[in-house]
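Engineer: Take this structure first; my questions come after.
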Amino acid sequence: DGGITQSPKYLFRKEGQNVTLSCEQNLNHDAMYWYRQDPGQGLRLIYYSQIVNDFQKGDIAEGYSVSREKKESFPLTVTSAQKNPTAFYLCASSKAGIGSNEQFFGPGTRLTVL
Amino acid sequence: QKEVEQNSGPLSVPEGAIASLNCTYSDRGSQSFFWYRQYSGKSPELIMFIYSNGDKEDGRFTAQLNKASQYVSLLIRDSQPSDSATYLCAVMEAGGTSYGKLTFGQGTILTVHP
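The listed protein sequences correspond, in order, to chains A and B. If you read the first sequence in our numbering, its first letter stands for residue 4, the second for the next number, and so on. If you read the second sequence in our numbering, its first letter stands for residue 45, the second for the next number, and so on.
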């Protein structure tokens, strides 16, 4: 059954801690994306990757880091430098290149800073 | 900064009516346009995408695109209470390393009342 999985579903972080959010896809998509959603807001792009071992900053990359060592996996680390990390984090994937279109989303991780 | 604007609503319509959701975008070079539906606490799911000027119909949903006016809309005919959700408009940038990158509007909350 193809799709995108994210874990954990809920995550609690103490101030000053780094945490890593997992995103895995078995859709054989080249491109993967991380978004942040705050209450009543749309999605804002954090980082994206169109190929293994390469990624680009999105609109709000400060305080976040990513890696893309495998096609299937695109983990996001929320560092202690991110001053307001409480949000709903969404991972997505899509085909890359000309003709690529829709992004498919995972179920999300809700991060709360205690 | 490329912008996508939606009326945040809430938009309230009676069951069986037509719901009209609107979206404007700032990047005249944008090529692809997407409508996602997001239920509370869930991840977005794609409803429709449109590339060409004019109308595209899929069941009860019709997407309308006017590139000259930089305007895209979504019509939902015979609205049902199950259509109650937040509708996100997303615009894909064209060309270069940004290909595949989506910019989202803030979303319109739709409520369909019996």
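Built from N, CA and C at the ideal position, the CB exists for glycine as well.
What residue from 99(A), 87(A), 68(A) has the CA that sits closest to residue 117(A)'s CA?
Structural biologist: Position 114 of the first sequence, counted from the first residue, corresponds to residue 117(A). Minimum Cα distance to residue 117(A) is reached at 87(A).
Engineer: Have a look at the DSSP bridge pairing and note the partners of residue 42(A).
Structural biologist: Here the question's residue 42(A) lines up with position 39 in the first sequence. None, per the DSSP bridge assignment.
Engineer: Identify, in the order they occur along the chain, each residue of the same chain with its Cβ nearer than 8 angstroms to the Cβ of residue 72(A), setting aside the five sequence neighbours on each side.
Structural biologist: Numbered from its first residue, the first sequence carries residue 72(A) at position 69. Only 55, 56 meet the Cβ criterion.
Engineer: Please confirm whether residue 110(A) has its beta-carbon closer than 8 angstroms to some beta-carbon of chain B.
Structural biologist: In the first sequence, counting from the first residue as 1, residue 110(A) sits at position 107. Cβ-Cβ to chain B under 8 angstroms: yes for residue 110(A).
Engineer: Assuming contact is defined by CB atoms lying nearer than 8 angstroms, are residue 129(B) and residue 148(B) in contact in what I supplied?
Structural biologist: Here residue 129(B) corresponds to residue number 85 of the second sequence, with the count starting at 1. Here residue 148(B) corresponds to residue number 104 of the second sequence, with the count starting at 1. The answer is no: Cβ separation not under 8 angstroms.
Engineer: Cβ of residue 51(A) less than 8 angstroms from any chain B Cβ?
Structural biologist: For the purposes of this step, residue 51(A) is taken as residue 48 along the first sequence, with counting starting at 1. Closer than 8 angstroms to some Cβ of chain B, the Cβ of residue 51(A) qualifies, so yes.
Engineer: I'd like the list of long-range same chain contacts for residue 59(B), defined as Cβ closer than 8 angstroms, with 5 residues on each side in sequence excluded.
Structural biologist: Taking the second sequence and counting its residues from 1, the one referred to as residue 59(B) is at position 15. Only 123, 124, 125, 156, 157, 158 meet the Cβ criterion.
Engineer: Near residue 32(A), which residues of its chain fall below 7 angstroms by C-beta distance, leaving aside the five closest residues on each side in sequence?
Structural biologist: As a first step, residue 32(A) must be located in the first sequence, where it is residue number 29. Cβ neighbours of residue 32(A) beyond the five flanking positions: 96, 97, 98.
Engineer: Need the endpoints of the beta strand (DSSP E) that residue 120(A) sits in, please.
Structural biologist: Chain A is shown only over 4 to 117; residue 120(A) falls outside these bounds and no answer can be derived.
Engineer: Please list the residues of the stretch 144-155 of chain B that have a C-beta atom closer than 8 angstroms to any C-beta atom in chain A, keeping them in chain order.
Structural biologist: The stretch 144-155 of chain B vs chain A, Cβ under 8 angstroms: 144, 145, 146, 147, 148, 149, 150, 151.
Engineer: Provide the residue(s) that pair with residue 110(B) in DSSP beta bridges, ordered along the chain.
Structural biologist: For this step, residue 110(B) is matched to residue 66 along the second sequence. Looking at the DSSP assignment, residue 110(B) forms a beta bridge with 115(B).
Engineer: With distance defined between alpha-carbon atoms, name the residue in 62(A), 29(A), 94(A) nearest to residue 49(A).
Structural biologist: As a working mapping, residue 49(A) is identified with position 46 in the first sequence. Among 62(A), 29(A), 94(A), the Cα nearest to that of residue 49(A) is on 62(A).
Engineer: Quick check on residue 125(B): does DSSP put it in helix, strand or coil?
Structural biologist: Your numbering for residue 125(B) matches position 81 in the second sequence. Residue state, collapsed to three classes: helix.
Engineer: Does the contact criterion of 3 or more C-beta pairs under 8 angstroms hold for the stretch 46-61 of chain B versus the stretch 26-42 of chain A?
Structural biologist: The answer is no - the stretch 26-42 of chain A does not touch the stretch 46-61 of chain B, with fewer than three Cβ pairs under 8 angstroms.
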